[in-house]
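Colleague: Questions regarding the structure given below will be posed in turn.
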RNA sequence: GGACAGAUGGGAGAGCUGGUUUAAUCCGCGCCCCUGCUAAGGGCGUGUAGCCUCACGGUUACCGAGGGUUCGAAUCCCUCUCUGUCCGCCA
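Residue numbers (this note's numbering): 190 to 603.
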């Protein structure tokens, strides 16, 4: 959640920042107005409550001393009644404020490039040269057919479209990748976790998926539970509503989970192959960091994901997202895009974001700095998306006859 | 799924026949004092969020969650969640 006090004190600046993310000034004005209304109502209510409390105390005293309480009772009753509309006003303001505030995205960092969509993203560097094939490289679904790696039809039969089955070597490759990713992350200082794949609504709100993006989530019917769209949700929310000691920071976490997404806005995109599935596997990095250290940790996370791709011999480029392409919770995001020779283009395989204190405010994750509590910074990033790594290996390591080599670093895992 | 018990501040633990409890007490933790080392002792302080105040300080809410009764609820009533123990079932 954005800092309401900041908005109130620096309205113009806040408004300008949020324009980068497509929030109009009108919404912000409404927010500011609701915030003022809430404060006003609360101040009045509290004064009345104070009055009520002191009269009640007196009431007890009178009774003890056997004094007449008729007059006092009338006064206290009148005050109680007068409080009701004020109470209602405060409650309404609170509700209205939150419904607006929870739907406002994070401020982008000042250094984030201007832009509307992914075409305005900025390429920072390329790592590894794409290999020159002396034949026309095939797309991964063609290679899958030759090798019998992916069973799309039966995946659809079991669930519905955008579900697939990995078979034999492909399934083993997936398992090897997960282990390779987790081991590498562990070597970089991330602690490995195995977490619930189902989280409740409070947690989804903590990391920013709810209330605005419920359409992208699979919900468990009749329960307040959702299948996680990313391990960022459980890993970050492990510290939901906790106050950490400063010396505990940073908390570096990694975990493998399946991820479930409805892909509501992506009908018709990437319908062939396993680039875009309703269920995919991912190894995630999450950091809970001291605000002064989050930039440093961010760079480390980007470097780690890039190093993994390099170790796998996969050409990729590092791209900084422009304001218009930033996710809801992110202040800054760097995507890693892997080269897919079959598709003849770079495709996203990792996305690393610093949410600053945006998620920390929602999830109430703080640390003790001296006597004061301060919000932490939370960061998350894939290292890596497993399914897309399989696609990348298939397409980059294919031979002319359609067979696929296994990258050297994975051989000990298979 | 059934039966019983429970949920209090960093920990332990009282209060639970409604009103000097601003949540006692102990431990832990912090600062200070005493003590020529050590041990021991003494004093003060020590939750979260918000609002008002330059500050000192004041004030409201929070005793698992939500609602109710009452002038007043940790305490009484209702609903829910979770934990423990036993039984049943189960990878």
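All C-beta atoms in this analysis are idealised placements derived from N, C-alpha and C, irrespective of residue type, glycine included.
(1) Return yes when the C-beta of residue 269 is under 6 Å from any heavy atom of the ligand FAD, and no when it is not.
(2) At which residues does the alpha helix (DSSP H) containing residue 251 begin and terminate?
(3) Note down, in chain order, each residue of its chain lying with its Cβ closer than 7 Å to the Cβ of residue 381, except the 5 sequence neighbours on either side.
(4) Counting C-beta neighbours from all protein chains within 10 Å, is the total for residue 328 16 or more, i.e. buried, or is it exposed?
(5) On the three-state DSSP scale, how would you describe residue 395?
(6) Nearest to residue 280 by CA position, among 230, 259, 246, 320, is which residue?
(7) Taking DSSP as the reference, what is the three-state secondary structure of residue 310?
(8) Please identify the residue among 206, 194, 197, 202 whose C-alpha is closest to the C-alpha of residue 512.
(9) Using the rule of at least 16 other Cβ atoms within 10 Å of the residue's Cβ for burial, across every protein chain shown, is residue 347 buried or exposed?
(10) Kindly identify the DSSP beta-bridge partner or partners of residue 448.
(11) Just how far apart, CA to CA, sit residue 469 and residue 491?
(12) So, under 8 Å CB-CB, residue 548 and residue 425 are touching, yes? Tell me the CB distance rounded to an integer number of Å.
(13) For residue 528, which beta-bridge partners are listed by DSSP?
(14) Whole-angstrom Cβ separation of residue 501 and residue 387, contact assumed at under 8 Å?
(15) What ranges does the alpha helix (DSSP H) occupy inside the stretch 400 to 447, keeping only unbroken runs of at least 4 residues that lie completely in it?
(16) For residue 593, collect the residues of the same chain with a Cβ closer than 6 Å to its Cβ; drop the 5 residues on either side in sequence, then sort them by chain order.
(17) Tell whether a beta-carbon distance below 7 Å holds between residue 504 and residue 317.
(18) With a threshold of 6 Å on Cβ separation, who are the neighbours of residue 441 within its own chain once the five nearest residues in sequence on each side are excluded?
(19) Secondary structure at residue 382, three-state DSSP: helix, strand or coil?
(20) On the three-pair Cβ rule with 8 Å, is the stretch 302 to 312 touching the stretch 508 to 525?
(21) Identify, in the order they occur along the chain, each residue of the same chain with its Cβ nearer than 6 Å to the Cβ of residue 340, setting aside the five sequence neighbours on each side.
(22) Does DSSP put residue 578 in a helix, in a strand, or in coil?
(23) Leaving aside the five residues before and after residue 326 along the sequence, list all residues of the same chain whose C-beta is less than 7 Å from its C-beta, in chain order.
(24) Is the stretch 251 to 268 close to the stretch 479 to 497, with three or more CB pairs under 8 Å?
Modeller: According to the structure shown:
(1) Annotation note on the ligand FAD: not contained in the displayed structure, which lists no ligands.
(2) Where residue 251 is concerned, the enclosing alpha helix (DSSP H) stretches over 214 to 254.
(3) 371, 375, 443, 444
(4) buried
(5) helix
(6) 230
(7) coil
(8) 206
(9) exposed
(10) 469
(11) 21 Å
(12) Going by Cβ atoms, the distance from residue 548 to residue 425 rounds to 6 Å, so yes, they are a contact pair.
(13) 535
(14) About 31 Å; that fails the 8 Å criterion.
(15) 421 to 426
(16) 583, 586, 587
(17) yes
(18) Only 378, 379, 476 meet the Cβ criterion.
(19) strand
(20) yes
(21) 354, 356
(22) helix
(23) 530, 531, 584, 587
(24) no
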